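First the structure, in the form of structure tokens, and then the observations on it.
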Amino acid sequence: MTHLVGCALFPHPPIMMTEVGGAECLHVHKTIASAEAAAQFLQEKNPTTIVVMTPHGPAFRDAVGVNVSPVLKGNLAAFGAAEVAVSFETNSLLVSNIIKQSNRLGVSLLPLDNELAQQHRFSLQLDHGAVIPLRYLYRAGFRGQVVHMSTGFLTYPEMYACGKAVQAAVEATRQKVAIIASGDLSHRLKPGAPAGFDPAGQQFDVRIVELLQSMDVRSMFDLSEELVEAAGECGLRQIFFLMGALDGLEVASEVLSYEGPFGVGYAVATFAVKKPRPKEGAVVKQESIPVRIAKASLHYLMAHGKILPAFSEPLPPELQKPAGVFVSLKKQGQLRGCIGSILPTQVDAASEIISNAVSAATADPRFPRVQPDELAELKISVDILTTPARIASPAELDPRRYGVIVRQGSRSGVLLPDLEGVDTVEDQVNIACQKAGIVHSEQLELYRFEVVRYY
82 MTHLVGCALF PHPPIMMTEV GGAECLHVHK TIASAEAAAQ FLQEKNPTTI
132 VVMTPHGPAF RDAVGVNVSP VLKGNLAAFG AAEVAVSFET NSLLVSNIIK
182 QSNRLGVSLL PLDNELAQQH RFSLQLDHGA VIPLRYLYRA GFRGQVVHMS
232 TGFLTYPEMY ACGKAVQAAV EATRQKVAII ASGDLSHRLK PGAPAGFDPA
282 GQQFDVRIVE LLQSMDVRSM FDLSEELVEA AGECGLRQIF FLMGALDGLE
332 VASEVLSYEG PFGVGYAVAT FAVKKPRPKE GAVVKQESIP VRIAKASLHY
382 LMAHGKILPA FSEPLPPELQ KPAGVFVSLK KQGQLRGCIG SILPTQVDAA
432 SEIISNAVSA ATADPRFPRV QPDELAELKI SVDILTTPAR IASPAELDPR
482 RYGVIVRQGS RSGVLLPDLE GVDTVEDQVN IACQKAGIVH SEQLELYRFE
532 VVRYY
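Here the numbering used here is used: position 154 in the sequence shown is 235, and no number is missing along the way.
Below is the structure:
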């Protein structure tokens, strides 16, 4: 069972609203009828929350935005129809889980609040890419909460990973959620189109409609950069986000309509979620940035015999500040090395990962050094720790949530949380004591910490 109850692709031309288009709505009557049907399709799934991803909200080069305003409002005043307005409460619990899961998967996600809006001079009002599909949902009877996300200029695999993060957050909150990808297709379908004319526009739209109908995500990733660029589209990143949100699920897709009377392609599609597929059905496995850092560190070590000076990709904010880090290496399901630091020893978490990856491969006394021919077989995970806090008793521990540090005199031992076979606080404390060589558990100092685990 999944709590993601359904998804839809909505176009967002203001002319599809009668208050804006008037008699011109006749030219997009297929799109209007299909949008009404898609809204009814989602409403019948009885979602408590709608997540909408739009290309017309605040856009950042290296991050997707998520609006953290407690109330989301917007209208079409910019198109002469202020009466076309929506207002919804934000699902703050789901937002916080989306942020958490994005961090886990290494997706750059930026919370959009009043302070950031003032700093960068953008509005937190819902843009027309969100207002239009949400207005259709409202007319269909939806009165729940909303999460408003805006597409940045991330790569398609990163947008796919963002969708996977949202799916994980939905399952963590166990709420019934529907997702809308708001986007038009090519803007270059005919002479006089908004972005000019290019024959590639029609080719792109035909291909996208085919791939949506067949759910052929692999072929979406194979689309040529030249074709996408020539098409002048505004919906592909949202589509990849939607495909990521559906990753690993059995889905029945249906393209309800496609038309492009004004030189812009409008496709409406629905995606009925049936049940999870076997895990091997996943299309893209996006490694998190912390794991990519650890892997780069090991490859550099094997190639040059020294520490990687710095990671070449831009770092998210959480890796630019100091933190304790553990790097774990597994080979064929068995531990091959694990070294970490409870408190930071480097200038930032990225440098901590680089250093501890090398130590895990070369300085874990339980194992011989990792050899170059083993690199391809290693599975790497990275745990980034919060600052340990002293606690009064084992009652404040939870082996699934918290790691533990035990201290007695000069001896100390540490155990990470959520380890296979460690199911009770007693087991957790005893194992940590054994690692420290502490025989008697009386008069222990106990500390707990949390981790974010990256794969």
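C-beta atoms are modelled at their ideal positions from N, C-alpha and C, and glycine is treated no differently. The model shown is predicted, which means the values in this text are computed figures rather than measured ones.
Exercise for the section: State the DSSP-derived secondary structure class of residue 127, mapped to helix, strand or coil. Expected result: coil
Exercise for the section: Locate the beta strand (DSSP E) running through residue 420, then write down its first and last residues. Expected result: 415 to 422
Handout entry: Buried or exposed by the 16-neighbour rule on C-beta atoms within 10 Å, applied to residue 234
Key = exposed
Exercise for the section: Provide the residue(s) that pair with residue 167 in DSSP beta bridges, ordered along the chain. Expected result: 155
Handout entry: Every unbroken alpha helix (DSSP H) inside the region 385 to 469 [4 residues or more]
Key = 430 to 443
Handout entry: For residue 523, three-class secondary structure by DSSP
Key = Reduced to three states, the DSSP call for residue 523 is coil.
Exercise for the section: Would you grab the beta carbon distance between residue 444 and residue 425 for me? Rounded to a whole angstrom, and I think it's under 8 Å. Expected result: Not confirmed; about 18 Å, so no contact.
Problem - Environment of residue 428 [buried if 16+ CB atoms lie within 10 Å] - result: exposed
Problem - 8 Å Cβ cutoff met for residue 349 and residue 338 - result: Yes, these two residues count as a Cβ contact at 8 Å.
Practice task
Determine the DSSP secondary structure at residue 192, reduced to helix, strand or coil.
Solution key: strand
Practice task
Label residue 402 either buried or exposed according to how many other C-beta atoms from any shown protein chain fall within 10 Å of its C-beta, with 16 as the threshold for buried.
Solution key: exposed
Practice task
Inspect the CB distances between the region 245 to 257 and the region 277 to 285 and report whether three or more fall short of 8 Å.
Solution key: no
Problem - Exposed unless 16 or more other CB atoms sit within 10 angstroms - verdict on residue 149 - result: buried
Handout entry: Cβ neighbours of residue 452 in the same chain (closer than 6 Å, five flanking residues each side left out)
Key = none
Problem - Start-to-end residues for the beta strand (DSSP E) that takes in residue 338 - result: 330 to 340
Exercise for the section: Report the rounded CA-to-CA distance for residue 327 versus residue 108, giving the unit in angstroms. Expected result: 32 Å
Exercise for the section: Give the range of the beta strand (DSSP E) segment to which residue 86 is assigned. Expected result: 85 to 91
Exercise for the section: Confirm, please, whether the CB-CB distance from residue 458 to residue 529 is below 8 Å. Expected result: No.
Handout entry: Stretch-stretch touch, CB-based, cutoff 8 Å, three pairs: the region 368 to 383 with the region 176 to 196
Key = yes
Handout entry: Beta-carbon separation (whole angstroms), residue 85 vs residue 258, contact threshold 8 Å
Key = 6 Å
Practice task
Return the first residue and the last residue of the alpha helix (DSSP H) that residue 230 is part of.
Solution key: No alpha helix (DSSP H) holds residue 230; the beta strand (DSSP E) holding it covers 226 to 231.
Practice task
Please classify residue 484: does DSSP put it in a helix, a strand, or coil?
Solution key: strand
Problem - Residues near residue 519 by beta carbon distance below 6 Å, same chain, minus five either side - result: 489 and 492
Practice task
Please name the residue or residues paired with residue 353 in a DSSP beta bridge.
Solution key: 87 and 333
Handout entry: Contacts around residue 97, its chain only, beta-carbon distance under 8 Å, and the 5 residues preceding and following it disregarded
Key = 106, 109, 112, 113, 116, 213 and 347
Exercise for the section: Below 7 Å CB to CB, which residues in the same chain sit around residue 397 once its five sequence neighbours on both sides are set aside? Expected result: Correct list, in chain order: 189 and 370.
Handout entry: beta strand (DSSP E) segments (min. 3 residues) lying fully within the region 256 to 304
Key = 258 to 263
Handout entry: Inter-residue Cα distance where the pair is residue 90 and residue 486
Key = 49 Å
Exercise for the section: Return helix, strand or coil for residue 325, following the three-state DSSP convention. Expected result: helix
Handout entry: Sequence-distant residues of its chain with Cβ nearer than 8 Å to residue 355 (five each side left out)
Key = Exclusion of the five residues before and after residue 355 leaves 330, 331, 332 and 333 as the residues of its chain whose Cβ lies within less than 8 Å of its Cβ.
Exercise for the section: Pick helix, strand or coil for residue 489, following the three-state DSSP scheme. Expected result: strand
Problem - One or two residues paired with residue 134 in a DSSP bridge - result: 230 and 262
Practice task
Just mark residue 416 as buried or exposed, buried being the case when its beta carbon has 16 or more other beta carbons within 10 Å.
Solution key: Exposed: under 16 other Cβ atoms inside 10 Å.
Exercise for the section: Kindly indicate which residue of 503, 494, 462 and 460 has the alpha-carbon position closest to the one of residue 479. Expected result: 503
Practice task
State the beta-bridge partners of residue 532 as determined by DSSP.
Solution key: 466
Handout entry: Closest residue to residue 255 among 83, 497, 93 and 450 (Cα-Cα distance)
Key = 83
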